[in-house]
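To start, the structure itself, in C-alpha cells.
Structure follows, in C-alpha cells:
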C-alpha cells in the first residue's frame, strides 16, 4: 500500500529549487500568520553544528548474557551475541565462514554469495535460544535498522499475516 | 488504681522491643511432624536407570554432539554493537491511531502528544529499555482521515504527507528519559511533588533529524517548515488545505516550547494536587536555570 503510493508518485517528484522559485509569493502571505502567537518565547536554543558525530566505538552490553544450567551453574556465552542476530519471530541470522579468505581466487558468484547473511536452521535456533537471557529475545525497535524488513514473517501458520481485529 | 507490681510490669512490657519476626520462636510444646523418607529405601531417587540423567552428566549447553560448533565456524559480526546507547522507538501505525480516534480514546479537539497516546492504555513503553517514545509508521496511510495536531518522536515522509493531506499538522519532538517518565504517567509524577523538569537538547546524532524541516523537527525554522509543507504537497500531488481560514487554526498551530513538556505548564512549576493549585517560583536564579537550555 505504502510502497505503491511511493512508486506511483516517484515520477511526479519535483526538484526543490524549482518549487521555491514557483511559489515564493505564496509563502510571503503565510509567513507572518503561522507560528507567531503559538510559540512561547521564554527560551532560546542556539544550535551551532548539526553535523553527525559517531558514537564512541566502545562495546557496550547492558544486559547480562548468562544463563543457569540444570545443575544451577552460571553459564556465560558472550560469543553468541557477537556473532548472531535474533529476529523477533525467533530466527537467528549469521555470517558465513571464510567470507574474507582467498577472495582473489574465487569466482564472482561465490564471492557475492559469501557476503550474504543466512538463517540458522531449526536446531541451531533452539540451541542459541538457550544460550541467551529472555531480554535478548524481546523485539528491538531501532528505527534505522537494516533488518527491519525481516522483522515480520508472512505465510506461516505460527506467524499469520492477517491484520489485527479492529472493531 | 493498679498496684505497684502491675505498674512495674506494664512499664517493663513498654520498654521491651516489639514482637517481630526476628525475635519470636516456636512455643516449647509445639510438636513438629516427624520427617519421613516417603520414598522408602529407593536408591535411584526418581532419576531413572543408568545414563546421563542418573549420573548427572548431561551435555553442556550449546554442545553440538562433537561436531565443530557453529559459534566457532561463523565469523564475528557486530549486530548488537552499541546496543546500550542506541535509542528505540516502539511503533504505532496510522491505522492504530485512526482506531484510537474512532473509539474516542484520544481527543481530536486538543493537540495529541505522547501523554494522550499513553493514556489510551493501548500503548506503552519502558524507559529502562532505552525506549524514547512513539515511532509513527505508515501502515494504513490511505485509510487515515482525521484532522489533528500531532506530536511524535519519529516519523517517515509518507506519514507526514498522510496527515497534512487531511489538514492536520505534525511535529517530531525529542524528550529525554526523565521528561518521558513524567509524560508517561503525569499523575504519579505530580504526586511526587517535584518541579516539572525542563527538556534537554537532543543528543548530537539526532540533532540533525530534529532540526530538519523535512521531518517537521521541533527545532527547525518555522518558515522552512512552511516551505517543506508545500514541497511535500507537490511531491505527493495533493492540495494543501489552507490553515489561514481554519476554524481550529489555534489548536492546529499550538506548539510546545523546546524546554516545555506539558501544554500550559512551564518547567520549574510545581503542581500541588492536594490543594489544587500551581506553585510558580519567582527566584531569579531558579528561573534562570529553568529557562535556559543546555
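Protein chains in written order, with the working numbering: chain A, 724 to 890; chain B, 3 to 296. Each residue gets a CB set at the ideal place from its N, CA and C atoms; glycine is no exception. Every value quoted in this text rests on a predicted model; they were computed, and no experiment measured them.
For residue 873 of chain A, not one C-beta of chain B is nearer than 8 Å to its own C-beta.
Under the 8 Å Cβ criterion, the stretch 60-70 of chain B does not count as touching the stretch 108-116 of chain B, having fewer than three qualifying pairs. Per the DSSP secondary-structure output, residue 39 of chain B pairs with nothing in a beta bridge. The residue among B/271, B/273 and B/163 with its C-alpha nearest the C-alpha of residue 242 of chain B is B/163. Annotation: the stretch 72-136 of chain B contains the following complete segments of the alpha helix (DSSP H) (minimum length 4 residues), in chain order: 72-75, 96-104 and 116-120. Using a CB distance cut-off of 8 Å, residue 833 of chain A does not count as an interface residue toward chain B.
Here the alpha carbon of residue 204 of chain B sits roughly 22 Å from the alpha carbon of residue 230 of chain B. Under the three-state reduction of DSSP output, residue 803 of chain A falls in the helix class. Contact between the stretch 143-151 of chain B and the stretch 869-880 of chain A is absent, with fewer than three C-beta pairs closer than 8 Å.
Ranking B/197, B/289, B/238 and B/266 by CA distance to the CA of residue 160 of chain B puts B/238 first. Residue 75 of chain B reaches chain A at 820, counting residues in chain order whose Cβ is nearer than 7 Å. Look at the beta carbons and you see the stretch 835-842 of chain A touching the stretch 813-827 of chain A: at least three pairs across the two are nearer than 8 Å. Under the 8 Å Cβ criterion, the stretch 6-17 of chain B does not count as touching the stretch 842-850 of chain A, having fewer than three qualifying pairs.
Going by DSSP, residue 837 of chain A is part of the alpha helix (DSSP H) stretching over 831-837.
The alpha-carbon of residue 866 of chain A is positioned some 60 Å away from that of residue 37 of chain B. A residue is called buried once 16 or more other Cβ atoms fall within 10 Å of its Cβ, and residue 219 of chain B is buried on that count. With contacts defined as CB atoms closer than 8 Å, residue 197 of chain B and residue 270 of chain B qualify as a contacting pair.
Sorting B/74, B/56, B/58 and B/55 by C-alpha distance to the C-alpha of residue 64 of chain B places B/74 at the top.
The Cβ-Cβ distance between residue 184 of chain B and residue 199 of chain B falls below 8 Å. The Cβ neighbour count for residue 130 of chain B, taken over all protein chains shown within 10 Å, is under 16; the residue is labelled exposed. Segment contact: the stretch 21-34 of chain B against the stretch 845-861 of chain A, fewer than three CB-CB distances shorter than 8 Å; contact not assigned. Residues of the stretch 170-185 of chain B with a C-beta less than 7 Å from any C-beta of chain A: none at all. Take residue 77 of chain B, set aside five residues on each side of it, and no residue of its chain has a beta-carbon closer than 8 Å to its own. Residue 121 of chain B has a beta carbon lying at 8 Å or more from every beta carbon in chain A. Counting every other CB atom within 10 Å of its CB across the protein chains shown gives residue 51 of chain B a total below 16, marking it as exposed.
Beta-bridge partners of residue 809 of chain A (DSSP): A/815. Annotated as distal: residue 141 of chain B and residue 102 of chain B, with beta-carbon spacing of 8 Å or more.
Put simply, the CB of residue 855 of chain A is far from chain B, with every gap to its CB atoms at 8 Å or more. Chain-ordered, the chain B residues with CB closer than 8 Å to the CB of residue 847 of chain A read 72.
Rounded to the nearest angstrom, the gap between the Cα atoms of residue 266 of chain B and residue 125 of chain B is 24 Å. Beta-bridge partners assigned by DSSP to residue 201 of chain B: none are found. In the structure shown, residue 844 of chain A adopts coil according to DSSP, grouped into three states. In the three-state scheme derived from DSSP, where H, G and I count as helix and E and B as strand, residue 267 of chain B is classed as strand.
Taking 7 Å as the cut-off between beta carbons, the residues of the stretch 85-117 of chain B near chain A are 85, 86, 87, 88, 90, 91, 92, 93 and 101, in sequence order. Per the Cβ contact rule, the stretch 270-283 of chain B is in contact with the stretch 187-195 of chain B (3 or more Cβ pairs under 8 Å).
Interface residue (Cβ-Cβ distance to chain A less than 8 Å): residue 63 of chain B is classified as such.
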